[in-house]
Amino acid sequence: MGDTHKGTCFCGAVEIEVRGAPLEMGYCHCASCRSYSGAPVTSFTLWKMENVTVTKGADLIGRFNKTGMSDRQFCRRCGGHIMADHPEFNLTDVHAAVLPTLAFAPTVHLNYAETVQPMKDGLPKLTDFPTEAGGSGKLMPE
0 MGDTHKGTCF
10 CGAVEIEVRG
20 APLEMGYCHC
30 ASCRSYSGAP
40 VTSFTLWKME
50 NVTVTKGADL
60 IGRFNKTGMS
70 DRQFCRRCGG
80 HIMADHPEFN
90 LTDVHAAVLP
100 TLAFAPTVHL
110 NYAETVQPMK
120 DGLPKLTDFP
130 TEAGGSGKLM
140 PE
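Numbering (numbering that gives the first Met the number 0), first residue to last: 0 to 141.
Following this line, the structure appears as structure tokens:
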């Protein structure tokens with residue numbers, strides 16, 4: 000199964016563990032992620048839902064689901080963002096910064112048509128999502 004990585008919310012009251020390797024790592028530029036995070040771009044690591052476990056503080060997890068696609072989870076004590084479940088795809092996005100021992104190695108930019116922070120890094124820039132996730136799969140130039 001590979002590596003195990005542990006992470007916490009901002010205050011440490013909620014702890015999670017991920018097993019194996021992420022299916023994908025990258026950046027999201029959509030307005031929804033930007034608004035929620037308060038940042039011009041977010042970094043994600045996608046895992047099969049069954050490979051993500053809350054090991055402490057499950058009762059402190061708050062949830063917010065604006066669109067039905069992303070069940071965002073945060074610590075109700077400190078407000079720290081932890082992860083977002085995407086049940087339609089059986090995936091959990093664990094915010095890259097939550098997993099300090101995971102070597103973040105992004106391979107793609109999602110929703111680059113909405114970017115407010117252009118990035119020239121040689122990675123593919125998708126207009127929206129891959130076709131497998133219901134997107135157009137169209138690439139944009141750097």
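C-beta atoms are modelled at their ideal positions from N, C-alpha and C, and glycine is treated no differently.
Can you find at least 3 beta carbon pairs, one from the stretch 96 to 105 and one from the stretch 48 to 59, that sit closer than 8 angstroms? Short answer: they don't touch.
State the DSSP-derived secondary structure class of F103, mapped to helix, strand or coil. Reduced to three states, the DSSP call for F103 is coil.
Exposed or buried, what is M139 when buried is set at 16 or more other beta-carbons lying within 10 Å of its beta-carbon? Per the 10 Å Cβ criterion, exposed.
In the DSSP assignment, what are the bridge partners of Q116? Among the bridge pairs identified by DSSP, Q116 is matched with none.
Where does E141 sit, in a helix, a strand or coil, going by DSSP? Coil.
Does the Cβ of T7 have 16 or more other Cβ atoms within 10 Å, making it buried, or fewer, making it exposed? Classification for T7: buried.
Tell me whether P172 is buried or exposed, calling it buried when 16 or more other Cβ atoms sit within 10 Å of its Cβ. Outside the displayed range of the chain (0 to 141) lies residue 172, so it cannot be described from this structure.
Beta-bridge pairing of A83 - partner residues as DSSP gives them: Answer is R71 and D92.
Identify the continuous alpha helix (DSSP H) that holds R33 and give its terminal residues. It spans A30 to S36 - the alpha helix (DSSP H) in which R33 sits, taken as one unbroken run.
What does the Cβ neighbour count give for S34, buried or exposed, with the cut at 16 atoms within 10 Å? Label assigned to S34: exposed.
Tell me the rounded alpha-carbon separation between R62 and T130. Answer to the nearest angstrom: the Cα atoms are 28 angstroms apart.
Count the other CB atoms within 10 Å of the CB of L135; is the residue buried (16 or more) or exposed (fewer)? As written in the sequence, residue 135 is Ser, which differs from the Leu given in the question. In this structure S135 is exposed. Its beta-carbon is surrounded by fewer than 16 other beta-carbon atoms within 10 angstroms.
Would you list the one or two residues that DSSP bridges to T44? Answer is M24 and V93.
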